[in-house]
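Trainee:
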Amino acid sequence: MTGQPIPVIIDCDTGVDDALALLFAVRHPGLDVRAVTCVAGNTDVDGVVRNTLTVLEQAGAGDIPVARGAERPLIEPVRTAQHVHGRDGMGDLGLPAPTRVPVDVDAVTLLRREILASPRPVTLIPTAPLTNIALLLRTHPEVVRNIERIVFMGGAVAVGNATPVAEFNVWHDPEAAAVLLTAGVPITMYGLDVFQRVLVPAADVQRLRASSEPALRMAGELLAHRDPATSGDPTPMGGLGDAGAVCAVVDPEGITTELLPVEVALAPGPTRGQTIVDRRPVPGESEIHEGTREQPLVDVALDVDVERYVKLWLTVVEGA
Ligand code: RIB
Ligand code: CA
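Plus 52 on top of the position in the sequence shown (first one is 1) and you've got our numbering.
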């Protein structure tokens, strides 16, 4: 990390792992979190706002503006992931209610304001369905001139969670994801393939849970929330999840990416919401006989240095 802190805005659906991402972001000295915007996803948008305000207060970052965004996808109804994140979206840990309220403008307005006001180009870090980002790009396309890169947690090369082939954030609002991919700015896709691998060892989780600091105890409880032994959830305990996308902003050397064509499957049916990543070295018969369909090029994360990101996250979160 060299030079001035990177100006970032996180768009989230807090969310057990969104909380881990927020805690890391506000504590990393190389990031300047300009705002946090909320969208329906893991839970309803008002629950996301409540959880986000709580996490920022617990993290000692209660001064960062938070705005409420889309309460449902562009086309689909809200389909939450409360079976993974708990009824309240935060593992039903009974965390204290926030003392603050969100700002009095909506998420798209706050995003536009903070992006255009930033003296240096902003990096956007969506860790949720992309509804707010799509609305921003369609309502205020001028923001593109001051966006450095969009590093989003979403999509997948070869795995799925919401469906056998689709990742939740993209599946939740496929049209919004398709709008993102044509934003005309550099994009990094931190997908499910790498997302699922970054796990904090049980001993570290237990240390956090025993911490005298409330924010670290919260982090430990969130990491432990998905312990299969307690919740029966197949997702392994200690997943950093969305926090890995923020690690990829401060330490891009920790992921291996390839610039590849990516398309979102929008047709109704079993593939809707799949991110189709074209890894072929040469065109196939489809292009030869039917012509090439240009797809946006995205820096797709194909590998991640798990130990590197776990150490980075622990060092920053515990060291602050
Ligand atoms: O598929 C995983 C993603 O969906 C994560 O961002 C999780 O928080 C949910 O939003
Ligand atoms: Ca999320």
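Cβ atoms here follow ideal geometry from the backbone N, Cα and C, with glycine treated the same way.
Compute the distance between the beta-carbons of G141 and N184, then report whether it is under 7 Å.
Mentor: Within the sequence shown, numbered from 1, the residue matching residue 141 stands at position 89. Within the sequence shown, numbered from 1, the residue matching residue 184 stands at position 132. No, the Cβ-Cβ distance between G141 and N184 is not below 7 Å.
Trainee: Along the chain, where does the beta strand (DSSP E) that runs through T183 open and close?
Mentor: Taking the first residue of the sequence shown as position 1, residue 183 is located at position 131. Note, T183: premise wrong, no beta strand (DSSP E); alpha helix (DSSP H) at 183-191.
Trainee: Output the boundary residues of the alpha helix (DSSP H) element that contains P266.
Mentor: Along the sequence shown, read from residue 1 onward, the residue named residue 266 stands at position 214. P266: member of the alpha helix (DSSP H) spanning 266-276, first to last residue.
Trainee: Does the structure place the region 138-154 close enough to the region 302-322 that three or more beta carbon pairs sit under 8 Å?
Mentor: Contact fails: fewer than three Cβ-Cβ distances are below 8 Å.
Trainee: Straight-line CA distance for V155 to R332?
Mentor: Translated into the one-based positions of the sequence shown, residue 155 becomes position 103. Translated into the one-based positions of the sequence shown, residue 332 becomes position 280. Cα-Cα distance, rounded: 46 Å.
Trainee: Quick check on I116: does DSSP put it in helix, strand or coil?
Mentor: Taking the first residue of the sequence shown as position 1, residue 116 is located at position 64. Three-state DSSP puts I116 in coil, outside helix and strand.
Trainee: What is the DSSP secondary structure of Q56, counted as helix, strand or coil?
Mentor: Taking the first residue of the sequence shown as 1, we reach residue 56 at position 4. Q56: coil per DSSP, three-state reduction.
Trainee: Of all the options E123, E337, R79, which has the alpha carbon lying nearest to the alpha carbon of G112?
Mentor: The residue labelled residue 112 in the question sits at position 60 within the sequence shown. Measuring from the Cα of G112, the nearest candidate turns out to be R79.
Trainee: Identify whether T308 lies in helix, strand or coil by the three-state DSSP scheme.
Mentor: Taking the sequence shown and counting its residues from 1, one reaches residue 308 at position 256. Looking at T308 - three-state DSSP - the assignment turns out to be strand.
Trainee: What residues sit near ligand 2, counting only those whose C-beta is closer than 5 Å to one of its heavy atoms, in chain order?
Mentor: D65, G67, D70, T179, A180, D294
Trainee: Apart from the five residues on each side of it in sequence, which residues of its chain come closer than 6 Å, Cβ to Cβ, to I127?
Mentor: If you number the sequence shown from 1, residue 127 lands on position 75. Once the five neighbours on either side are set aside, the close Cβ partners of I127 are E227.
Trainee: Taking the beta carbon of L168 as the centre, do at least 16 other beta carbons fall within 10 Å, making it buried, or is it exposed?
Mentor: For the purposes of this step, residue 168 is taken as the residue at position 116 of the sequence shown. That one is exposed.
Trainee: Sort out for me which residues DSSP pairs Y242 with in a bridge.
Mentor: In the sequence shown, counting from the first residue as 1, residue 242 sits at position 190. The partner list for Y242 (beta bridge, DSSP) reads M205.
Trainee: Examine ligand 1 and report whether any of its heavy atoms sits within less than 6 Å of the Cβ of F220.
Mentor: On the sequence shown, position 168 is the one that residue 220 refers to. Within the cutoff, so yes.
Trainee: Tell me, to the nearest whole angstrom, how far the beta carbon of L187 is from that of V250; I am working on the premise that it is less than 8 Å.
Mentor: Locating residue 187 in the sequence shown gives position 135, where the first residue counts as 1. Locating residue 250 in the sequence shown gives position 198, where the first residue counts as 1. With 8 Å as the limit, L187 and V250 do not qualify as a contact, their Cβ atoms being about 30 Å apart.
Trainee: Take the Cβ of L108 as the centre, count every other Cβ of all protein chains shown within 10 Å, and call the residue buried at 16 or more, exposed below.
Mentor: Taking the sequence shown and counting its residues from 1, one reaches residue 108 at position 56. Flag for L108 reads buried.
Trainee: Short of 6 Å in beta carbon distance, which residues of its chain neighbour G212, apart from the five on each side in sequence? Order them along the chain.
Mentor: Taking the first residue of the sequence shown as position 1, residue 212 is located at position 160. A218, listed in sequence order.
Trainee: Buried or exposed: which applies to G243, given that a residue is buried once 16 or more other Cβ atoms fall within 10 Å of its Cβ?
Mentor: Here residue 243 corresponds to residue number 191 of the sequence shown, with the count starting at 1. Buried.
Trainee: Measuring straight from C-alpha to C-alpha, what distance separates L163 and V118?
Mentor: Mapped onto the sequence shown, residue 163 falls at position 111. Mapped onto the sequence shown, residue 118 falls at position 66. So the two alpha carbons sit approximately 10 Å from each other.
Trainee: By DSSP's criteria, D63 is part of a beta bridge. Which residues make up the other side?
Mentor: Position 11 of the sequence shown, counting from 1, holds the residue named residue 63. According to DSSP, which records beta bridges pairwise, D63 is partnered with T89, P178.
Trainee: At which residues does the alpha helix (DSSP H) containing I12 begin and terminate?
Mentor: The chain is shown from 53 up to 372; residue 12 falls before or after that span and cannot be answered.
Trainee: Please classify A87 as buried or exposed, where buried requires at least 16 other C-beta atoms within 10 Å of its C-beta.
Mentor: Residue mapping note: residue 87 aligns to position 35 of the sequence shown, counting from 1. A87 comes out buried.
Trainee: Quick one: measure Cβ to Cβ for A159 and C90, integer angstroms, because I've assumed they're closer than 8 Å.
Mentor: Your numbering for residue 159 matches position 107 in the sequence shown. Your numbering for residue 90 matches position 38 in the sequence shown. About 6 Å separates the two Cβ atoms, so the contact holds.
Trainee: In this structure, does DSSP put T327 in helix, strand or coil?
Mentor: Translated into the one-based positions of the sequence shown, residue 327 becomes position 275. T327 falls in the strand class under three-state DSSP.
Trainee: Under a three-way DSSP split, which group does A385 fall into?
Mentor: In the structure as shown, the chain begins at 53 and stops at 372. Residue 385 is therefore absent and cannot be evaluated.
Trainee: Can you name, in chain order, every residue of its own chain whose Cβ lies under 8 Å from the Cβ of D330, other than the five neighbours on each side?
Mentor: Looking up residue 330 in the sequence shown gives position 278. Excluding positions up to five away in sequence, the list reads L312, P313, V314, E315, Q347.
Trainee: With a threshold of 6 Å, establish whether the CB of M205 neighbours any heavy atom of ligand 1.
Mentor: Here residue 205 refers to the residue found at position 153 when the sequence shown is read from its first residue. M205: yes, Cβ under 6 Å from ligand 1.
Trainee: Can you tell me whether DSSP reads E128 as helix, strand or coil?
Mentor: By one-based count along the sequence shown, residue 128 stands at place 76. Assigned with DSSP and collapsed to three states, E128 falls in coil, not helix or strand.
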